[in-house]
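A.B. asks:
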Amino acid sequence: MTVIGTHRPTRVLVDEAAIKHNVSGEVARLDDQTELFAVIKADAYGHGLLRVARVALAAGARGFCVAILDEALALREAGFEQPILVLGVVSPEYVQLAAINHVAVPLVDAEWLESARPYLAADHPLAVHVALDTGMGRIGFRNLDDLRAVLDTITGLDGLQIEGVFTHFATADDPDTSYFQEQVAKFKQLVAAFPERPRYVHVSNTATSLWHAACNGNMIRFGVGIYGLNPSGRAIEQTPYELQPAMSVVSALVQCKQIHAGDAVSYGATYRASGDEWIGTVPIGYADGYPRRMQGFHGLVDGQECTIVGRVCMDQLMIRMPRAYPAGTKVTLVGQDGNNVISLQDVADYAGTIHYEIACAMSERIPRESINPVGA
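Taken in order, the sequence shown gives residues 241 to 616; the numbers are from this note's numbering.
#1: Express the C-alpha separation of Ala278 and Ala296 in angstroms, rounding to a whole number.
#2: Within its chain, find whatever has a CB closer than 6 Å to the CB of Ile594; leave out the 5 residues flanking it on each side and keep chain order.
#3: Compute the Euclidean distance between the alpha carbons of Val443 and Asn579, then round it to the nearest angstrom.
#4: Since I believe Val431 is in contact with Gly404 (beta carbons under 8 Å), could you give me their beta-carbon distance rounded to a whole number of angstroms?
#5: Are three or more beta carbon pairs between the segment 455-469 and the segment 529-548 nearer than 8 Å?
#6: How about Val345 and Val326: do their beta carbons lie closer than 7 Å?
#7: Buried or exposed: Leu397, going by 16 or more other Cβ atoms within 10 Å of its Cβ?
#8: DSSP three-state call for Phe381: helix, strand or coil?
#9: Taking only three categories from DSSP, how would you classify Ala454?
#10: In this structure, how does DSSP classify Gln423 when only helix, strand and coil are distinguished?
#11: Looking only at its own chain, which residues have a Cβ that is under 6 Å from the Cβ of Phe381, when we skip the five neighbours before and after it?
#12: For Ser331, which of helix, strand or coil comes out of DSSP?
#13: Go ahead and label Glu275 buried or exposed: buried means 16 or more other beta carbons lie within 10 angstroms of its beta carbon, across all protein chains shown.
#14: Looking at the unbroken alpha helix (DSSP H) that takes in Asp283, where does it start and where does it end?
#15: Please report the residue range of the alpha helix (DSSP H) in which Gly539 lies.
#16: Would Ala230 and Ala513 qualify as a contact pair, given that the criterion is a beta-carbon distance under 7 Å?
#17: Since Leu270 contacts Ile280 with CB under 8 Å, what's their CB separation in whole angstroms?
#18: Whose C-alpha, out of Ala599, Cys496, Ile606, is nearest the C-alpha of Thr703?
#19: Cα separation between Tyr481 and His538?
#20: Would you list, in sequence order, the uninterrupted beta strand (DSSP E) runs of no fewer than 3 residues that lie entirely inside the segment 492-550?
#21: From the DSSP output, which residues share a beta bridge with Pro346?
#22: Whose C-alpha, out of Thr547, Met376, Glu436, Glu609, is nearest the C-alpha of Asn445?
#23: For the beta strand (DSSP E) that Glu404 lies in, which residues bound it at each end?
#24: Where Ala509 and Val574 are concerned, what is the direct C-alpha to C-alpha distance, given to the nearest angstrom?
#25: Could you give the C-beta distance for Trp518 and Gln498, rounded to a whole number, given that I count them as a contact under 8 Å?
#26: With a 10 Å radius around its C-beta and 16 neighbouring C-beta atoms as the bar for buried, classify Glu436 as buried or exposed.
#27: Between Val243 and Met602, is the Cβ-Cβ spacing less than 7 Å?
#28: Please classify Asp283 as buried or exposed, where buried requires at least 16 neighbouring CB atoms within 10 angstroms.
#29: Mapping the DSSP letters down to three states, classify Tyr565 as helix, strand or coil.
#30: Thinking C-beta only, is Met554 closer than 7 Å to Ala527?
#31: Buried or exposed: Gln423, going by 16 or more other Cβ atoms within 10 Å of its Cβ?
#32: Starting from Leu290 and walking both ways along the beta strand (DSSP E), at which residues does that stretch end?
#33: Between which two residues does the alpha helix (DSSP H) carrying Glu256 extend?
#34: Identify which residue in Tyr511, Leu337, Thr407, His247 has its Cα closest to the Cα of Tyr359.
#35: At the level of alpha carbons, what is the spacing between Glu266 and Arg461?
Written out as structure tokens, the structure is:
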């Protein structure tokens, strides 16, 4: 059972208008033959599966991509009827469940197909997207002969239809395009084996669509861009249009106290005051997805950067403030306060990771609240 912390001030704020801006901005760049599928796996990168699905459709998305079958089923249960593609391998014993719910799944190799055969049914044909491993090393066919053999097997096979073919680029967010071009060439070689072009031919994640739009095929899998995050981090600063961050993380002081020279803060006594200092306690910690290693980073109070002192605890952290502030004073961990901004990228840089991980790690214990709501 997941307990949501509604009775403390910590919140993840999700800007629906920003999500709509980001999706509609990309839709406007596509030609009339290309559809945008919103990638809303992992609870929409921590932003809320159903919330983002609704806003993405309002912004022009035509379908959804998820990582696991359960996410697709949650969308169906909520009444979403648009096409859904599961991007991860679905265990063969569940393909009938996918077919009944009109959910497409990847076909990754001959072994998977043989294992799935007993579960195929002509009255509920399973839609598959053939996965081609052009250099990601993750899922899909690498060998042309293996692919041809499976395509021959599928011909006339009741209960299965090829709806799409796809690959995934490993370096579309890299200024060096050499490996990207190798994958493009490999994809063209493999896709030529298909006797007929499937309904969907797709290679583009957010990075590919932003910076290599000529490769888009007739469908793009728009993911991290939905949430206003640059897929390259800081490697490629320029994007075709402005991406607006959708996530803020806020809390409030629960106590403020003065400590004195030599006094220690938090586990291990890794921080000691150099003089009289005002310390504020904030109810968020690594159990909420805020990384333990953020000691020395900062939050924002009254528009000012306030250093995190001592180790981040499981449920709380402490900040050093320029003066006393009362309990209840707002603390911004991600977002804007006054003229200062803390981005998810800033947090990721300090933590030595990527902003995807920071967003997805924000635990279900933190309530999500919409701001700037978009109507259905």
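Beta carbons: idealized from backbone N, C-alpha and C, even for Gly.
C.D. replies: This is what the structure holds:
#1: About 7 Å.
#2: Correct list, in chain order: Ala588.
#3: Cα-Cα distance, rounded: 39 Å.
#4: No, Gly404 and Val431 are not in contact; Cβ-Cβ is about 11 Å, not under 8 Å.
#5: Cβ pair count under 8 Å is below three, so no.
#6: In this structure, Val326 lies closer than 7 Å to Val345 by Cβ.
#7: Residue burial annotation: Leu397 is exposed, with fewer than 16 other C-beta atoms found within 10 angstroms of its C-beta.
#8: DSSP places Phe381 in strand when its eight states are reduced to three.
#9: The answer is helix: DSSP assigns Ala454 an H, G or I state.
#10: Collapsing the DSSP output to three states places Gln423 in a helix.
#11: Excluding positions up to five away in sequence, the list reads Leu372, Leu387.
#12: Three-state DSSP puts Ser331 in coil, outside helix and strand.
#13: Only buried fits Glu275, as 16 or more other CB atoms lie within 10 angstroms of its CB.
#14: Bounds of the alpha helix (DSSP H) holding Asp283 are 281-286.
#15: For Gly539, no alpha helix (DSSP H) encloses it; the enclosing beta strand (DSSP E) starts and ends at 538-541.
#16: This structure cannot settle anything about residue 230, because the visible part of the chain is limited to 241 through 616.
#17: Wrong, their Cβ atoms sit about 18 Å apart, outside the cutoff.
#18: Nothing can be reported for residue 703: it is not among the residues displayed for the chain, which extend from 241 to 616.
#19: Going from the Cα of Tyr481 to the Cα of His538 covers about 29 Å.
#20: Entirely contained in the segment 492-550, the beta strand (DSSP E) runs reaching 3 residues are, in chain order, 495-499, 517-522, 538-541, 544-549.
#21: For Pro346, which the question treats as bridged, DSSP gives the partners His369.
#22: Closest by alpha carbon: Met376.
#23: Note that residue 404 corresponds to Gly in the displayed sequence, not to Glu. Per DSSP, Gly404 belongs to the beta strand (DSSP E) from 400-406.
#24: If you draw a straight line from the Cα of Ala509 to the Cα of Val574, it is about 26 Å long.
#25: Contact flag correct, Cβ pair sits at about 6 Å.
#26: Answer is exposed; the Cβ neighbour count stays below 16.
#27: Going by C-beta atoms, Val243 is not nearer than 7 Å to Met602.
#28: The residue in question, Asp283, is buried, as its Cβ has 16 or more Cβ neighbours within 10 Å.
#29: Note: Tyr565 maps to coil in three-state DSSP.
#30: Yes. Within cutoff.
#31: Residue burial annotation: Gln423 is buried, with at least 16 other C-beta atoms found within 10 angstroms of its C-beta.
#32: Segment 289-298 is the alpha helix (DSSP H) holding Leu290; no beta strand (DSSP E) there.
#33: From DSSP, the alpha helix (DSSP H) with Glu256 extends over 256-267.
#34: Of all alpha-carbon atoms in Tyr511, Leu337, Thr407, His247, the one lying nearest the alpha-carbon of Tyr359 is that of Leu337.
#35: Glu266 and Arg461: Cα-Cα distance of roughly 11 Å.
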